[in-house]
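Peer 1: The structure's right below; bear with me while I get my questions together.
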Amino acid sequence: MKHHLLSEAPIHGISPLAAVERGLRKTFRYSGRASKSEYWWAATAYFVATVPFVVRDVYAQRRKQVAEKARQENAADEELAEIFGAEEMQLDYAAVDSSTGYKPSPLTWVVGGLFTIPLVSLKVRRLHDSSISGKWLPLIDFFPASAYFYSRNSRVAGARFDKSR
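Position one of the sequence shown corresponds to residue 16 (this note's numbering), numbered consecutively onward.
Structure representation (structure tokens):
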């Protein structure tokens, strides 16, 4: 049975590609429902698409920290060498402060932002399928075990969130 990608009803057992396509096509639709498979395939795809940008940022920032730390230690070691007359001093490049935190690049912000709107509307539709109003989304996403709400089984009462024809 072929389902229309823009229908209000959830599509159970949807393929990964169809789930992503449906999620993107319904970016600005907050009515209707999304099945568990539809939500989890699309959420996984969005996660996988953003991870390389985050990894690239973390790697670049880490390299920058190591270079800065080495530059600072080199200057300090040269001063000590002059004071104590030492020819050569060992540098410990592994002692880099990693407490500065992660700072996303502008490109990562753009990519993350492009996926945020479709993911929010998908989360609302997933909550609808389990008979929970999408108005609870901000509270649910701050709940540490929010995956529970997205993993709930479909409920017949969730049909009340479908647009009336």
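Positions of the beta carbon are idealized from the N, C-alpha and C atoms, including for glycine.
The structure presented is a predicted model; accordingly, all values stated were derived computationally and were not measured.
In terms of alpha-carbon separation, which member of Q80, R140, A85 and Y61 lies closest to V126?
Peer 2: Within the sequence shown, numbered from 1, the residue matching residue 126 stands at position 111. Among Q80, R140, A85 and Y61, the Cα nearest to that of V126 is on Y61.
Peer 1: Between the Cα of W56 and those of P67, L32 and S146, spot the shortest distance and give me the residue it belongs to.
Peer 2: Here residue 56 is taken as the residue at index 41 of the sequence shown, counted from 1. A check of alpha carbon separations from W56 across P67, L32 and S146 identifies L32 as the nearest.
Peer 1: From this set, K138, V35 and S145, which residue's C-alpha is nearest V63's C-alpha?
Peer 2: Numbered from its first residue, the sequence shown carries residue 63 at position 48. Here the closest residue by C-alpha is V35.
Peer 1: Output the distance between the C-alpha atoms of Q80 and G128, rounded to the nearest integer angstrom.
Peer 2: The residue you call residue 80 lines up with position 65 of the sequence shown. The residue you call residue 128 lines up with position 113 of the sequence shown. In a straight line, the C-alpha of Q80 is about 27 Å away from that of G128.
Peer 1: May I ask you to report which of helix, strand or coil DSSP gives A34?
Peer 2: Here residue 34 is taken as the residue at index 19 of the sequence shown, counted from 1. Three-state DSSP puts A34 in a helix.
Peer 1: Measuring alpha carbon to alpha carbon, tell me which residue in V70, R40, I29 and V73 is nearest S52.
Peer 2: Counting from one through the sequence shown, the residue named residue 52 turns up at place 37. The residue with the shortest Cα to Cα distance from S52 is I29.
Peer 1: Does any residue of chain B have a CB that is nearer than 8 Å to the CB of P67?
Peer 2: No chain B is present in this structure, which holds just one protein chain.
Peer 1: When DSSP labels each residue in this structure, what does A24 get in the three-state scheme?
Peer 2: Taking the first residue of the sequence shown as 1, we reach residue 24 at position 9. If DSSP states are grouped into helix, strand and coil, A24 belongs with coil.
Peer 1: Keeping to the same chain, check which residues put their C-beta closer than 6 Å to that of S146; ignore five residues upstream and five downstream.
Peer 2: For the purposes of this step, residue 146 is taken as residue 131 along the sequence shown, with counting starting at 1. Within its own chain, the residues whose Cβ lies closer than 6 Å to the Cβ of S146, once the five positions on either side in sequence are excluded, are R170, A172 and G173, listed in chain order.
Peer 1: Please list, in chain order, all residues of the same chain as P133 whose beta carbon is under 6 Å from its beta carbon, the five residues on each side excluded.
Peer 2: For the purposes of this step, residue 133 is taken as residue 118 along the sequence shown, with counting starting at 1. Cβ neighbours of P133 beyond the five flanking positions: G38, L39 and T42.
Peer 1: Distance, Cα to Cα, V66 vs A82?
Peer 2: In the sequence shown, the residue the question calls residue 66 occupies position 51. In the sequence shown, the residue the question calls residue 82 occupies position 67. Going from the Cα of V66 to the Cα of A82 covers about 24 Å.
Peer 1: Within a Cβ cutoff of 6 Å, which residues of the same chain sit near I155, ignoring the five residues on either side of it in sequence?
Peer 2: Reading the sequence shown from its first residue, position 140 is the one you call residue 155. Hits under 6 Å: S161 and F164.
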